[in-house]
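Chemist: Basically this note's numbering = 1-based index in the sequence shown + 708.
Idealized CB from N, CA, C, for every residue including glycine.
Below: one structure in structure tokens.
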Amino acid sequence: MDVSEAFWNSSLEELKQGYIREPEYFVCLLCGKRTEMGVIYPVGSVYYDAEKFMRKHIEGSHHSVFDYLIGLDKKLTGLTEHQNSLLQLFHQGKSDNEIQQEMGIGSSSTIRNHRFVLKEKERQSKVFLVLMELLKEKDQHAPTIVNVHTTAKMIDDRYNVTQDEVEKVLKKYFPEGTEGALTTFSMKEKYKLIVLREIAKRFVRDTVYTEKEVNQILIAVFDDHVTLRRYLIEYGFLDRKSDGSQYWLKE
């Protein structure tokens, strides 16, 4: 299971803590980093067990689960930019008066109204979650929709992909199997997303690559490795330093 699948399939409690427990590992839901049970991890002169070290990792690499979630694309959070800003200030522990001054909002009563709206959104979300859980028990005809990767950009109908579509596209464009070469990259944007997600699996998490190493991996997939590299970055599968000296798997 990749990071995005684990993220979307986790419970609210697991999302709040930012990691899940597997038989032998603790896995970060935000980046996929693993810590092995029974192993002691040193941080300076202090030693941590696997779970405590995972918490240190989230704090050090992501600041907090809140910081990570609030930074997701607004189509994943459902928040407006204004609501996003308010939540960040609330999380910082600022008073309504301080927020009113910082955001230039008319009065502190306006802030209280925004709090009410957000509380309503929370209540609606709880009801909706329960409705969807109950629906799963009855809707036998619903197709399996592939989860959007959490680092996705420009989320729209291109991400409306079923598991059946994924299998058909991969079979068509990787006739020798997904470990083999890609026949063409001239296809619908929706199909490109499917193909790019599969290609991203060739990169190892927590590994930093040079541009030459990235190119070597992509040339084995398709001759036009430059286009593949650009698309992997544009769609949020890979990230890189501004000077192109280092690349890494983003999801």
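(1) Assign residue 789 to one of three DSSP states: helix, strand, or coil.
(2) If residue 940 and residue 901 are in contact, beta carbons under 8 Å, what's the gap, nearest whole angstrom?
(3) Measuring only the C-alpha atoms, how far is residue 879 from residue 927?
(4) In the DSSP output, which residue or residues are listed as bridge partners for residue 734?
(5) So, residue 715 versus residue 855, is the Cβ gap smaller than 9 Å?
(6) So does the stretch 857-867 actually touch the stretch 811-818, counting three or more Cβ pairs closer than 8 Å?
(7) For the putative contact between residue 759 and residue 734, defined by C-beta atoms under 8 Å, what is the C-beta separation to the nearest angstrom?
(8) What are the residues that DSSP puts in a beta bridge with residue 956?
(9) Report yes or no: do the stretch 734-754 and the stretch 903-922 share at least 3 C-beta pairs separated by less than 8 Å?
(10) Could you name the residues that DSSP lists as bridge partners for residue 853?
(11) May I have a chain-ordered list of the alpha helix (DSSP H) segments no shorter than 4 residues that lie completely inside the stretch 812-866?
(12) Work out the CA separation of residue 778 and residue 829 for me, nearest whole Å.
(13) Would you mind sorting residue 975 into buried or exposed? The rule is 16 or more other CB atoms within 10 Å of its CB.
(14) Among the candidates 861, 929, 907, whose CA atom is the shortest distance from the CA of residue 691?
(15) Grouping DSSP H, G and I as helix and E and B as strand, with all else coil, what is residue 934?
(16) How would you label residue 794, buried or exposed, when you count the other beta carbons within 10 angstroms and need 16 or more for buried?
(17) Assuming residue 930 and residue 893 are in contact, meaning their beta carbons sit under 8 Å apart, how far apart are those beta carbons, in whole angstroms?
(18) For residue 749, which residues in the same chain have their Cβ closer than 6 Å to its Cβ, ignoring the five residues on either side in sequence?
(19) Provide the residue span of the alpha helix (DSSP H) that contains residue 899, from first to last.
(20) Residue 962: which of 712, 811, 723, 890 sits nearest, CA to CA?
Modeler: Taking the structure as given:
(1) Locating residue 789 in the sequence shown gives position 81, counting from the first residue. Residue 789: helix per DSSP, three-state reduction.
(2) Stepping through the sequence shown from its first residue, residue 940 is reached at position 232. Stepping through the sequence shown from its first residue, residue 901 is reached at position 193. Not really, about 11 Å apart at Cβ, beyond 8 Å.
(3) Stepping through the sequence shown from its first residue, residue 879 is reached at position 171. Stepping through the sequence shown from its first residue, residue 927 is reached at position 219. Between the C-alpha atoms of residue 879 and residue 927 there is a straight-line separation of about 20 Å.
(4) Taking the first residue of the sequence shown as position 1, residue 734 is located at position 26. Its beta-bridge partners are 729, 743.
(5) Within the sequence shown, the letter at position 7 stands for residue 715. Within the sequence shown, the letter at position 147 stands for residue 855. Cβ atoms of residue 715 and residue 855: closer than 9 Å.
(6) No, the stretch 857-867 is not in contact with the stretch 811-818.
(7) Against the sequence shown, residue 759 aligns to sequence position 51. Against the sequence shown, residue 734 aligns to sequence position 26. At roughly 5 Å, the Cβ-Cβ gap stays under 8 Å, so residue 759 and residue 734 are in contact.
(8) For the purposes of this step, residue 956 is taken as the residue at position 248 of the sequence shown. Paired residues: 947.
(9) As far as the Cβ criterion goes, the stretch 734-754 touches the stretch 903-922, which means the pair count is three or higher.
(10) On the sequence shown, position 145 is the one that residue 853 refers to. The partner list for residue 853 (beta bridge, DSSP) reads 870.
(11) Counting whole runs of 4 or more residues, the stretch 812-866 contains the alpha helix (DSSP H) stretches 816-846.
(12) Here residue 829 refers to the residue found at position 121 when the sequence shown is read from its first residue. Here residue 778 refers to the residue found at position 70 when the sequence shown is read from its first residue. The alpha-carbon separation between residue 829 and residue 778 amounts to approximately 15 Å.
(13) The structure shown does not extend to residue 975, since the chain is modelled only from 709 to 959, so the question has no answer here.
(14) Look at the range of the chain in this structure, 709 to 959, and you will see that residue 691 is not part of it.
(15) Within the sequence shown, residue 934 is the residue found at index 226, counting from 1. Residue 934 falls in the helix class under three-state DSSP.
(16) As a working mapping, residue 794 is identified with position 86 in the sequence shown. Burial state of residue 794 is buried, judged by a 10 Å Cβ sphere holding 16 or more other Cβ atoms.
(17) On the sequence shown, position 222 is the one that residue 930 refers to. On the sequence shown, position 185 is the one that residue 893 refers to. Between residue 893 and residue 930 the Cβ distance is about 6 Å, and since that is below 8 Å, they are a contact.
(18) For this step, residue 749 is matched to residue 41 along the sequence shown. So the qualifying residues of the chain are 756, 761.
(19) Counting from 1 along the sequence shown, the entry for residue 899 is found at position 191. Looking at the DSSP string, the run of the alpha helix (DSSP H) that includes residue 899 is 897-908.
(20) Because residue 962 is not part of the residues shown, which for the chain are 709 to 959, the question remains open.
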